[in-house]
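*Asks:* I have a structure here, written as structure tokens, and I will follow up with some questions on it.
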Amino acid sequence: MTPQFLRRYYILRIISNPTVYGVDKNGFVPLKDLQDALDQLRVDNIDDPLYDSLNLHSQKTVKRDLNKIKSYYQVVVLHKRNYGYYIDDYEVNDALKETYEKTELYLLHHHAHAWKDFVSTSRSSLSSQIDLVPLIHAIEQQFIIKMTYHGWYDDGFRTISGFFQPLHIKEINKAWYLIAHNKEYGIYPFCLDDRVKSMSVSKQRVKEPIVFSEKDYFKNAIGILKTDMKAEWIHLKVANHHFKYLASNPMHHSQKIVSPPKDPETEALDYNNPKIWGEIKLHVEPNYEFLMEILKYNLWVKVVRPAHVKEFVKHHIGLMMAYYE
6 MTPQFLRRYY
16 ILRIISNPTV
26 YGVDKNGFVP
36 LKDLQDALDQ
46 LRVDNIDDPL
56 YDSLNLHSQK
66 TVKRDLNKIK
76 SYYQVVVLHK
86 RNYGYYIDDY
96 EVNDALKETY
106 EKTELYLLHH
116 HAHAWKDFVS
126 TSRSSLSSQI
136 DLVPLIHAIE
146 QQFIIKMTYH
156 GWYDDGFRTI
166 SGFFQPLHIK
176 EINKAWYLIA
186 HNKEYGIYPF
196 CLDDRVKSMS
206 VSKQRVKEPI
216 VFSEKDYFKN
226 AIGILKTDMK
236 AEWIHLKVAN
246 HHFKYLASNP
256 MHHSQKIVSP
266 PKDPETEALD
276 YNNPKIWGEI
286 KLHVEPNYEF
296 LMEILKYNLW
306 VKVVRPAHVK
316 EFVKHHIGLM
326 MAYYE
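Now the structure itself:
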């Protein structure tokens, strides 16, 4: 991340959500208020070189940055004379949301020591022997990596050893995975925990690199598991007190709202009341990870169709109930 990127990031953030930065002008951000907000961010991080460019905010520089923002994020920032900058019908698209999330995560890690008393994160299973930065560089440069991996139950207890093209790093459920490829194993997800016995990054490039799209490969996956199961539309009923959560934090990118609860807010949670249930649907493989995701939501989510997926979940709940008889 460069200081210039961070300045443009904060210009967009301030104009799109001005009250958070102390600008309350009916949705407008005058140039002086924008400059003051950037100056305050610079003062708050005066010893950090990453914030060096935040006070380089002349009208000419801001205009140039707004053109970059339009080009990068497809967000058009407008200006009304005597009022200031604003965004009309602002909606965060998926690409912009991803940029926001990754930038905020980067800043959290960047300030990890200074903010340690204010921010807590979940402990992940990432092995202390794994350094993600060289791996990311290897993906970018298409360098060959050498790995020895002792699989557990999920991997069939296999020991996998060889040379791979690293393709992508994915974090899911407090675990980090390296998606890698070679001709013997194809595309394989390696969990970056104690199963990795050795890993090294070479300076040799892959001779015949494959093209990998994380969005296409995991299109129908709920997490990291990609099987030969046919993806299908699965309909779920969701209780009203959790419906808003899943509407804001979709279970899967394919999630669609079929119908909201007729009673969106009730003081009593009567699960026998049909009016508290809304319905969503998602297009995924109904595999083991899907089952785990459904069970995570306790009484608040239930599968209604297809029938065979409903029976799949019901069967496993029955097995669990038997533990407590």
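For the sequence shown, my numbering gives the first residue as 6, with consecutive numbering after it. Each residue gets a CB set at the ideal place from its N, CA and C atoms; glycine is no exception.
1) Excluding the five sequence neighbours on either side, which residues of its own chain have a C-beta within less than 6 Å of the C-beta of residue 259, listed in chain order?
2) Short of 7 Å in beta carbon distance, which residues of its chain neighbour residue 270, apart from the five on each side in sequence? Order them along the chain.
3) I want to know whether the stretch 195 to 203 touches the stretch 171 to 181 - three or more CB-CB distances under 8 Å.
4) Excluding sequence positions up to five away, which residues of its chain have a Cβ less than 6 Å from the Cβ of residue 242?
5) Run through DSSP, which three-state label would residue 45 get?
6) Which stretch, first to last residue, makes up the alpha helix (DSSP H) that contains residue 139?
7) Does the distance from the C-beta atom of residue 153 to that of residue 203 stay below 8 Å?
8) Would residue 67 pass as a contact of residue 74 if the rule is Cβ separation under 8 Å?
9) Consult DSSP for residue 227 and reduce its assignment to one of helix, strand or coil.
10) DSSP on residue 176, reduced to helix/strand/coil?
11) Which of helix, strand or coil does DSSP assign to residue 23?
12) Taking the alpha-carbon positions, what's the residue 143 to residue 219 distance?
13) Exposed or buried, residue 256, counting other C-beta atoms within 10 Å across all chains shown (16 or more means buried)?
14) What does a CB cutoff of less than 8 Å around residue 156 pick up in its chain, not counting 5 residues either side in sequence?
15) Would you list the residues sitting across from residue 182 in a DSSP beta bridge?
*Replies:* On the basis of the supplied data:
1) As a first step, residue 259 must be located in the sequence shown, where it is residue number 254. Cβ neighbours of residue 259 beyond the five flanking positions: 287, 288.
2) Residue 270 sits at position 265 when you count from the first residue of the sequence shown. Within the same chain, 245 come within 7 Å of residue 270 by CB-CB distance, once the 5 residues on both sides are set aside.
3) yes
4) Mapped onto the sequence shown, residue 242 falls at position 237. Closer than 6 Å at the Cβ level, and outside the excluded window around residue 242, lie 282, 284, 307, 309.
5) In the sequence shown, counting from the first residue as 1, residue 45 sits at position 40. The answer is helix: DSSP assigns residue 45 an H, G or I state.
6) Walking along the sequence shown from the start, residue 139 turns up at place 134. Element bounds for residue 139: 137 to 146.
7) Residue numbering aside, residue 153 sits at position 148 when the sequence shown is read from its first letter. Residue numbering aside, residue 203 sits at position 198 when the sequence shown is read from its first letter. Yes. Within cutoff.
8) Residue 67 sits at position 62 when you count from the first residue of the sequence shown. Residue 74 sits at position 69 when you count from the first residue of the sequence shown. It is not a contact, given that the beta carbons lie outside the stated cut-off.
9) As a first step, residue 227 must be located in the sequence shown, where it is residue number 222. Coil.
10) Here residue 176 is taken as the residue at index 171 of the sequence shown, counted from 1. Strand at residue 176.
11) Counting from one through the sequence shown, the residue named residue 23 turns up at place 18. The answer is helix: DSSP assigns residue 23 an H, G or I state.
12) Position 138 of the sequence shown holds residue 143. Position 214 of the sequence shown holds residue 219. Each residue's Cα considered, the two are about 16 Å apart.
13) Locating residue 256 in the sequence shown gives position 251, counting from the first residue. Under this definition residue 256 is a buried residue.
14) As a first step, residue 156 must be located in the sequence shown, where it is residue number 151. For residue 156, where only same-chain residues beyond five positions count, the Cβ hits under 8 Å are 162, 163, 164, 165, 200.
15) Stepping through the sequence shown from its first residue, residue 182 is reached at position 177. Answer is 175, 196, bridged to residue 182.
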